[in-house]
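Residue numbers (this note's numbering), protein chains in the order written: chain A, 1 to 365; chain B, 366 to 730.
We put the beta carbon where it would ideally sit given N, CA and C, even for glycine.
Quick caveat: nothing in here was measured; it's all calculated off a predicted structure.
Following: one structure in structure tokens, then a few remarks.
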């Protein structure tokens, strides 16, 4: 069944999420702009990497920045540095943090760092959660937006209060900003406004920005210099990172100004879903370019319905569905350039068929 | 002074070592061959990565292979897997192993694995060294060729004896084959002939092969599957590795057949150096494409001499010199495509000037 939905999705002409297919063109386009005689970075040195690091440090309002091949590596290292600084091998984060569920326990297996899980799985961390926790932790990690619950955000005032509290308690505050740029239109803040509240910051170059891969870790110079030593230990001090850096820079410039559009599109799109029976988005009104769509129907039924709709309208809503416990399922929507390419009649027809299909499922129950 | 030599080297038209400048053209050429609509690998899955892994497994005569962003990551992981298997957190290798001197102690700081250093710094590990060591180690790592001593090699018979001995003693044998292909013409063996002696094998895609970056780790499927879990923990399970994979494949095909030529060129070139006064190569007769050139003169004197020669002949012998304790210095030569582009008169004139210059230094002493 899953294959059928994924297969039907592959045949569609339009897609709700993302920018364009993740194919070699993504790199080719970025490289076409670059002079072939430009010399590679070499183990973290050279103009290509240093210039981009300086640029991102400026953008994030931090003293220095380091380019990493992945956020997994960058964030484990950030937490290790803060754990070593305080000589406390314990950090706190959300139960659905990327580190807790997607990294094969690298933080524990490689760095022997314990974790304290804050808040419930279905809401973001608040100041009360932090006040209630055992204070003997080196660092608190906040993910903005909280991806696994549809991209929810605390208010900026909550962030400020958490920041003040952590500084008083001598707890380092780290930002998992994989999708930081995507939150700026909602917060109506600059990246450096947000980052000023944190001791260390990670952003991804391939989520909303759509680069090939790579991450930036930023903070004070003493922190970033320590991170370079750990980057080498992790095997991330790759002789040439330029394929990632060039594409990161190219798509950063191409899309940094489009985050407001993605956010507005997400709000509009979520409203479409919320008008369909048995369907709700989380958050109900998105606060970034992303949200989750929950349908209170059996996964197999919705798979069949979607596959049929894709064939008729050529618009793919999702390539997969995830089952939730109680006869329901969900998928993630992450708005990028693709959304604007969908003809309005195609979008309207798709939602009409989706609503009608769910109604028919309900009648037959 | 160092800047002067490096600057003079940059201005040369010909270089003794390497293939061509490490610039963006290296990637552009590899990408030009590829279809832009080819879909990226995704976190270790997809045709691009799986096809290349299968190809390299076949080439190395192993059950399976995994593409890594770096050898540093691949080798630490190999040793961790063998240490966990035996529940012994100790491995053995040469005192000048890459892991011991170039990785900021990642093996110790990340994996808490102790090391036993075998043999003297200036020679390769022999069977006697292994017989004499404490047997309570999980794995022995052999580097072929031993780069930091000019690329020396044990005989194939010694390798066979070490392999038999380690199997009897229940010690895993890992091959640091960063430059494995470069040894095959000397051994007159296939890659799989050599790899059959080892439990696990790493090869680099950017040394003699000249790719952009990346490494292959190969072994039995149970080993490579475990390595994928550790790759994710290290932050090496990058969403898209294709820039490295495509270039690895392109330059593997372009240069795998040229290793015999590089080896012969290195032998010829070492003879030129050995004819110069106060100059000797290690090994005296190379056994791969590489060797070290030792000059029994002060580093500053040789820097000035070389910079002057570069200006006159436009042939760069090295961009740096390393001081050794006793008023002498050395540099590494690693033969690739560049050597064949040097006009014979330029080569001869350069060595004539080099020999003459050293003689004059001696007269003035």
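C-beta neighbour in chain B for residue i, strict 8 Å
i, result
"residue 137 of chain A", "no"
"residue 2 of chain A", "Per-residue confidence for residue 2 of chain A stands at a pLDDT of 46, beneath the threshold of 50, marking its modelled position as unreliable; the derived number appears in the next sentence. Not one chain B Cβ lies under 8 Å of residue 2 of chain A."
"residue 352 of chain A", "no"
"residue 73 of chain A", "yes"
"residue 39 of chain A", "yes"
"residue 31 of chain A", "yes"
Interface residues of chain B facing residue i [CB-CB closer than 9 Å]
i, result
"residue 106 of chain A", "595, 597, 598, 599 and 600"
"residue 49 of chain A", "Chain B residues near residue 49 of chain A: none, gap ~13 Å exceeds 9 Å."
Contacts of residue i in chain B (Cβ-Cβ under 8 Å)
i, result
"residue 206 of chain A", "604 and 605"
Amino acids of chain A, ordered along the chain, whose beta-carbon sits closer than 8 Å to that of residue i
i, result
"residue 401 of chain B", "23, 24, 25 and 28"
"residue 446 of chain B", "Going along chain A, no residue has its Cβ under 8 Å from residue 446 of chain B, so there is no contact; the nearest lies around 12 Å."
"residue 475 of chain B", "110, 111, 233 and 234"
Limits of the alpha helix (DSSP H) - the one that residue i falls within
i, result
"residue 168 of chain A", "156-168"
"residue 195 of chain A", "191-195"
"residue 183 of chain A", "180-187"
"residue 390 of chain A", "In this structure chain A extends from 1 to 365, so residue 390 of chain A is not present and cannot be described."
"residue 118 of chain A", "Taken as a continuous stretch (DSSP letters only), residue 118 of chain A belongs to no alpha helix (DSSP H), as it is neither H nor E."
"residue 588 of chain B", "586-599"
"residue 632 of chain B", "624-639"
"residue 142 of chain A", "Per DSSP, residue 142 of chain A belongs to no alpha helix (DSSP H); it is in the beta strand (DSSP E), 139-143."
"residue 612 of chain B", "607-620"
"residue 34 of chain A", "First-last for residue 34 of chain A: undefined, no H or E at that position."
"residue 474 of chain B", "471-476"
Contact list for residue i against chain B, beta-carbon separation under 7 Å
i, result
"residue 334 of chain A", "None at all; the shortest Cβ gap to chain B is about 14 Å."
"residue 181 of chain A", "Chain B residues near residue 181 of chain A: none, gap ~18 Å exceeds 7 Å."
"residue 212 of chain A", "605 and 608"
"residue 103 of chain A", "597 and 598"
Whole-Å CB distance - residue i paired with residue j, under 8 Å assumed
i, j, result
"residue 297 of chain A", "residue 278 of chain A", "6 Å"
"residue 293 of chain A", "residue 354 of chain A", "Contact doesn't hold; Cβ gap of about 10 Å is too wide."
"residue 61 of chain A", "residue 178 of chain A", "Residue 61 of chain A to residue 178 of chain A, Cβ: 18 Å. No contact."
"residue 409 of chain B", "residue 602 of chain B", "5 Å"
"residue 392 of chain B", "residue 31 of chain A", "7 Å"
"residue 13 of chain A", "residue 314 of chain A", "4 Å"
"residue 383 of chain B", "residue 569 of chain B", "Not quite, the Cβ-Cβ distance comes to about 14 Å (not below 8 Å), so this is no contact."
"residue 567 of chain B", "residue 440 of chain B", "5 Å"
"residue 184 of chain A", "residue 399 of chain B", "Residue 184 of chain A to residue 399 of chain B, Cβ: 35 Å. No contact."
"residue 354 of chain B", "residue 588 of chain B", "Limits of chain B in this structure are 366 at one end and 730 at the other, which puts residue 354 of chain B out of reach."
"residue 419 of chain B", "residue 547 of chain B", "Wrong, their Cβ atoms sit about 23 Å apart, outside the cutoff."
is_contact[residue i, chain A] using C-beta, thresh 8 Å
i, result
"residue 441 of chain B", "yes"
"residue 725 of chain B", "no"
"residue 435 of chain B", "yes"
"residue 568 of chain B", "no"
Bounding residues of the beta strand (DSSP E) (the contiguous stretch that carries residue i)
i, result
"residue 176 of chain A", "172-177"
"residue 459 of chain B", "Segment: none, residue 459 of chain B is in no beta strand (DSSP E) and carries neither H nor E."
"residue 659 of chain B", "655-660"
"residue 445 of chain A", "Shown here, chain A extends from 1 to 365; a query on residue 445 of chain A therefore has no answer."
"residue 313 of chain A", "Here residue 313 of chain A belongs to no beta strand (DSSP E); instead the alpha helix (DSSP H) covers 299-313."
"residue 280 of chain A", "279-282"
"residue 203 of chain A", "200-204"
"residue 431 of chain B", "429-433"
Evaluate contact between the stretch 214-222 of chain A and the stretch 87-97 of chain A, counting only Cβ atoms and requiring at least three cross-stretch pairs below 8 Å.
-> no
Is there contact here, the stretch 201-215 of chain A with the stretch 603-623 of chain B, by at least three beta-carbon pairs under 8 Å?
-> yes
Quick check: the stretch 486-496 of chain B against the stretch 457-469 of chain B, are there 3 or more CB pairs under 8 Å?
-> yes
So does the stretch 431-448 of chain B actually touch the stretch 198-210 of chain A, counting three or more Cβ pairs closer than 8 Å?
-> no
Determine contact between the stretch 259-269 of chain A and the stretch 321-338 of chain A, defined as no fewer than three beta-carbon pairs at a distance below 8 Å.
-> yes
Just checking, does the stretch 61-68 of chain A make contact with the stretch 145-152 of chain A on the three C-beta pairs under 8 Å criterion?
-> no
Is the stretch 671-686 of chain B in contact with the stretch 374-386 of chain B, if contact means three or more CB pairs nearer than 8 Å?
-> yes
On the three-pair Cβ rule with 8 Å, is the stretch 38-55 of chain A touching the stretch 166-181 of chain A?
-> no
Evaluate the contact criterion for the stretch 590-598 of chain B versus the stretch 98-114 of chain A: three or more CB pairs, one atom per stretch, below 8 Å.
-> yes
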